[in-house]
Amino acid sequence: MDNPTPQAAPASADALRQAMHRVRLEVGKAVVGQDGAVTGLLIAVLARGHVLLEGVPGVAKTLLVRSFSRALGLDTKRIQFTPDLMPGDVSGSLIYDAKAGEFEFREGPVFTNIVLADEINRTPPKTQAALLEAMEERQVSADGVTRALPDPFLVCATQNPVEHEGTYTLPEAQLDRFLLKLVIDLPPREAEVSVLRRHADGFTPRELGGIVPVVSAEEIRAAQASATQVTVTDEVLAYVVDLARATRQSPSVQLGASPRASTALLAAAKAWAWLGGYPAITPDHVQAMLVPVWRHRIRLRPDAEIEGVSVDAVLNSVLQQTPVPL
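Mind the numbering: the sequence shown is residues -19 to 306 in this note's numbering, read in order.
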């Protein structure tokens, strides 16, 4: 009788955590001064969420996602969103096969591990909505047939500020599908000098040969499962609820955080705690993730917007005024 083939022992949580941290170092070979955004992408992967990156043109949003995808070693496809892009160009469409005499489904670029939705707010809401089912259900339905998307699956969308000409504000249903909204600011002086030095030495954003995959899809799935094991006390759960209720009672807010926003905050806090090696969520983890998880889910009153009130300022005020459990 043949002996069964020995299987490798599952990686420990510490080994998985070290592997995820190596991704940050690998991305740093191409992207300078965006450590916070790289950490946000790692949190989104661990929490099985999606990321919206907002910033003016030229702050390396696309380069950040491409470098991150390369370091993860996952299949990646880029969709350039334009005003004339159709929903079928994203999810796929039925094509008539003359030889077979029937229609066949041709998969769109959404059938991949990481979708880079570049300048998502430059296409009308009808095409933006083509991603709704994929992001929420991780599947695409066409002609009565449901097709599962690969696992892991992550949508990284970039957008220019809505004040820019030719942009469409993303609908609330679309925004709610994103776990995090990360604002990519202009880099500090030292980082900008480092960027110029790299270009002067021959670096080109179109070539990422120096970045190599440092984790596997199996390790990513194992890390996702490990992150869900982070525990949370009833006091911290109540703290999240109190924060959500505080946003609904704010005089500057028209639409506060929903229960879905609370579950998103909990998932992101779990991933952040796991990355730091904590066995349980603390209020600090909740506070650190609140703004990036909720900033795109809160709608201000028109009079507050006219007065120049920002969502981030409202959320920071909520954090200061809500009692923290001991």
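Here a beta-carbon is modelled for each residue, glycine too, at the ideal position from N, C-alpha and C.
Residue i - partner residues in DSSP beta bridges
i	result
Ile94	Thr56, Leu134
Glu116	Beta-bridge pairing links Glu116 to no other residue.
Ser121	Thr126
Phe85	Leu74
Val195	Looking at the DSSP assignment, Val195 forms no beta bridge with any residue, so it has no partner.
Ala260	Thr211
Distance, residue j Cα to residue i Cα
i	j	result
Leu270	Ile164	17 Å
Pro185	His179	9 Å
Val39	Pro167	8 Å
Glu198	Phe85	29 Å
Thr149	Asn101	6 Å
Glu6	Ile23	16 Å
Glu34	Leu162	6 Å
Val173	Glu187	20 Å
Thr138	Ser242	24 Å
Pro305	Gly53	41 Å
Val220	Glu82	53 Å
Arg(-3)	Ala284	42 Å
Val11	Asp55	20 Å
Lys41	Asp123	35 Å
His276	Gly236	11 Å
Ala268	Phe61	31 Å
Endpoints, alpha helix (DSSP H) assigned at residue i
i	result
Gln108	105 to 108
Glu287	Premise fails: Glu287 is in no alpha helix (DSSP H) and is neither H nor E.
Val210	Where Val210 is concerned, there is no enclosing alpha helix (DSSP H), given that its DSSP letter is neither H nor E.
Leu160	First-last for Leu160: 160 to 163, but that is the beta strand (DSSP E), not the alpha helix (DSSP H).
Outcome for residue i when other beta-carbon atoms lying within 10 angstroms are tallied against a minimum of 16
i	result
Pro(-16)	Low per-residue confidence applies at Pro(-16): pLDDT is 49, beneath 50, and the placement is therefore not dependable, though the value from the model is reported in the following sentence. Classification for Pro(-16): exposed.
Pro151	exposed
Met66	exposed
Ile286	exposed
Gln301	exposed
Ala205	exposed
Pro272	buried
Ile75	exposed
Start-to-end residues for the beta strand (DSSP E) that takes in residue i
i	result
Tyr76	72 to 77
Lys9	Note, Lys9: premise wrong, no beta strand (DSSP E); not H, not E.
Ala128	125 to 128
Leu33	31 to 34
Val233	233 to 235
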